[in-house]
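I have placed the structure first, in the form of structure tokens, so that the comments after it can refer back to it.
Put into structure tokens, the structure is as follows:
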């Protein structure tokens, strides 16, 4: 039996979503690497962020990822960068994802090697996260990104906060590039749920209801009271309703709406359609509606098939329905075309490989 071709996906998140020339130059640098297929470029102006998706052999992907970080550090000055999305550097995150013929553990080793090379050759300090984490707490990307770019100068003075590679005192070069989080993980879905409100507090309340981490417990059970602490001085948290999710609320100026921005880190634990239904439920409690869903980057075909079947079953529709029709049910029910056109042939990963 023939072995599966070794294929890795890389999804660098670049801290530039407004300057099309910079985005194009970075994409061109990625495509210069032989054997690389650039599948998708997804930019957001308010987030000031671009998500690029490319695939290839492990060796080619690592080289293209290095070139991406190099070009980004040359073109993006973090001292001037501002946007709605949390970030720590010109290339904020750079995850490697196993597609076929390679394990997550092998991708983690590649990620650590890549991080060391970036720090050594480009002088861009790197944190390692998820499966590549060298410190258990840093499996959580939020720990690596604590304090965002603005907090890096102080972190460089605290040994416990040093990057895994390239730690040094804060200097002008680091001020320009920031740091990069390099990791290895399985496929995740990045999505934003559109709300018919402009209220960031409402969007955050919904996000805190659903995200696995939940919200801090406050004295008297209020939303604004003093946060309760455990015996170790850590915040006592009320868990959210959706496992394997991270979420925040924000306002997106280019759309004129608030969104619940969510990463689903394990789609087997929390499928997209379940996340959609739960965000709708928590929004409705506040008199708010979810008008649609924005998918960032690419999505597996099975995710939309599972969603379409779920919504058809809710309609008691058990007739023979084609795969394309099932996918269209998912697109229409979750409002994937609400603010930007969602073309399944451009956004479903299997159609692009």
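Residue numbers (my numbering): 772 to 1124. Think of the CB as a built atom: it goes at the ideal place given N, C-alpha and C, for glycine as much as any other residue. Source: prediction; values computed, not measured.
- Take the alpha-carbon of residue 815 and the one of residue 1047: they are about 21 Å apart.
- Among the bridge pairs identified by DSSP, residue 966 is matched with 1061.
- Around the C-beta of residue 928, fewer than 16 other C-beta atoms lie within 10 Å, and the residue is accordingly described as exposed.
- Each of 932, 1006, 1040 and 869 was checked against the Cα of residue 1012, and the nearest Cα belongs to 1040.
- Scanning the stretch 1034-1100 for uninterrupted beta strand (DSSP E) segments of 3 residues or longer gives 1061-1067, listed from N- to C-terminal end.
- Secondary structure note for residue 779: its beta strand (DSSP E) is the uninterrupted segment 778-781.
- Setting aside the 5 residues that flank it on each side, residue 1014 is surrounded in the same chain by 983, 1040 and 1041, each with a C-beta closer than 7 Å to its C-beta; the list follows chain order.
- Counting only residues of its own chain and dropping the five nearest sequence neighbours on each side, residue 915 has a CB closer than 6 Å to the CB of 898, 900, 909 and 952.
- Measuring C-alpha to C-alpha distances from residue 878 to each of 955, 857, 840 and 811 identifies 955 as the nearest.
- Straight-line spacing of the CA atoms in residue 882 and residue 1073 works out to 27 Å.
- Per DSSP, the beta-bridge partners of residue 1021 are 1030.
- Excluding residues up to 5 positions away in sequence, 967 lie with their Cβ nearer than 6 Å to the Cβ of residue 1060 in the same chain.
- In this structure residue 1067 is in contact with residue 962, their Cβ atoms being roughly 7 Å apart against a cut-off of 8 Å.
- Residue 818 is bridged by DSSP to nothing; it lacks a bridge partner.
- Short of 6 Å from the beta carbon of residue 843, and not among the five residues preceding or following it, lie these beta carbons of its own chain, in chain order: 785, 797, 861 and 862.
- Annotation for residue 897: the continuous beta strand (DSSP E) segment containing it runs 897-901.
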